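Peer 1:
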Amino acid sequence: MSAPGHPIPAACGDWAATKAAYRFFDNPRVTEHGVAGHFAATARRCADSEGPILVVQDTTEFTYSRTRLGKIGFTKTINAGAYKAGRSYPVTLCGMLMHSSLALTLEGTPLGLTAAKFWTRTKYKGTWTLKRHVNPTRVPIETKESYRWLENLRQSMALIDAPERCVHVADRESDIYELFCLAQDLSTRFLVRVQTNRLATEPTGPEPKQGAHRVFAQLSAAPWVGCHCVKIGQNEIAHLHVKFATIETLPPKGKRKRYAPASHLHPCS
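Residue numbers for the sequence shown follow UniProt numbering, beginning at 1 and rising by one.
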């Protein structure tokens, strides 16, 4: 393959190789289990490596140009421009999505994929549209697309089989209380970008004070423990003060019968 990541004809280089690739994909004897050797190789590379393993999760969208969108599925709706009257018009994109987990060493050396999930949408509704009709915290996590973050964490731990070595890294979409609980149940660690100012217990007591004590307030009150300087441009230097704290967060109100408080979390800013 001369150009990985390109369309099949461009990646294969000539028509003979392109035809061979199409025959390979069309062969009914080729199954997902037959090409799953990569995951076994990833497990071996992780076992042979030393030190902590970073398991990075993220979602990728594959967008295609199709006249009949229903044949492949939908990904999202974008603003494609405006009419002459000034009113914008949305365009629905078609394609599929992949949520994958990649294992890395601390130096950034890839060890391989530890989990991958593909899916399509029969229809697309934005997050804000859904929030108008239902409280997302009261919907079981197993019925939502965000369950993919938990699935990949669980599959990665089953593959690597060394939870104490792993640190799962993800963006703010993975700020999910159920993920915190699952990571603690599996005795592994995680680093996520926080977007929800969750309710936390008082540092001096087991109960929150009238529901007003939250993570951001407790972190703001913590003293800074270090300073990191970042050079911006030619002459500007930004000084970043580092804070962290040990807290215990409470589950959302609609899930307190199912989940216990998540203890020993360490938010930092």
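Note that the Cβ used here is the ideal one computed from N, Cα and C, for glycine as well.
No experiment lies behind these values; they were computed from the predicted model shown.
Suppose you measure from the CA of Ala-41 to the CA of Leu-113; what does that come to, to the nearest Å?
Peer 2: 9 Å
Peer 1: What are the residues that DSSP puts in a beta bridge with Pro-110?
Peer 2: Leu-104
Peer 1: If we ignore side chains and look at the alpha-carbon of each, how far apart do Lys-255 and Cys-166 end up?
Peer 2: 27 Å
Peer 1: Just how far apart, CA to CA, sit Leu-265 and Gly-95?
Peer 2: Their Cα atoms are separated by approximately 37 Å.
Peer 1: Looking at the unbroken alpha helix (DSSP H) that takes in Val-167, where does it start and where does it end?
Peer 2: Where Val-167 is concerned, there is no enclosing alpha helix (DSSP H), although the beta strand (DSSP E) it sits in stretches over 166 to 170.
Peer 1: Under the three-state reduction of DSSP, which class applies to His-38: helix, strand or coil?
Peer 2: Helix.
Peer 1: Considering only DSSP beta bridges, list what Leu-240 is partnered with.
Peer 2: His-228
Peer 1: From Trp-119, Pro-267, Leu-250, Thr-105, pick the residue whose C-alpha is nearest to that of Ser-220; which is it?
Peer 2: Pro-267
Peer 1: Taking 9 Å as the cut-off, decide whether the C-beta atoms of Val-169 and Val-242 are in contact.
Peer 2: For Val-169 and Val-242, no; Cβs fall outside 9 Å.
Peer 1: Answer with buried or exposed for Arg-44, where buried requires no fewer than 16 other C-beta atoms within 10 angstroms of its C-beta.
Peer 2: So Arg-44 ends up on the exposed side.
Peer 1: Are the region 146 to 161 and the region 169 to 186 in contact at 8 Å, needing three or more beta carbon pairs?
Peer 2: Verdict: yes, contact present.
Peer 1: Alpha carbons only, please: which of Glu-107, Pro-52, Glu-236 is nearest the one belonging to Thr-188?
Peer 2: Selected option, being the one with the closest Cα: Pro-52.
Peer 1: To the nearest angstrom, report how far apart Gly-211 and Ala-200 are at their CA atoms.
Peer 2: Annotation note: pLDDT 47 at Gly-211 (below 50); position unreliable, no value reported.
Peer 1: Can you tell me where the alpha helix (DSSP H) holding Gln-218 begins and where it ends?
Peer 2: Start and end: 215 to 221.
Peer 1: What are the residues that DSSP puts in a beta bridge with Ala-245?
Peer 2: Partner(s): none; Ala-245 has no beta bridge.
Peer 1: Assign Pro-90 to buried or exposed, taking buried as 16 or more other Cβ atoms, counted over all protein chains shown, within 10 Å of its Cβ.
Peer 2: exposed
Peer 1: I'd like to know whether the C-beta atoms of Phe-216 and Asn-197 end up nearer to each other than 9 Å.
Peer 2: yes
Peer 1: Give me, in chain order, the residues of the same chain whose beta-carbon lies closer than 6 Å to that of Ala-115; leave out the 5 immediate sequence neighbours on both sides.
Peer 2: Ser-101, Asn-152, Gln-155, Ser-156
Peer 1: Confirm, please, whether the CB-CB distance from Ser-49 to Thr-122 is below 9 Å.
Peer 2: no
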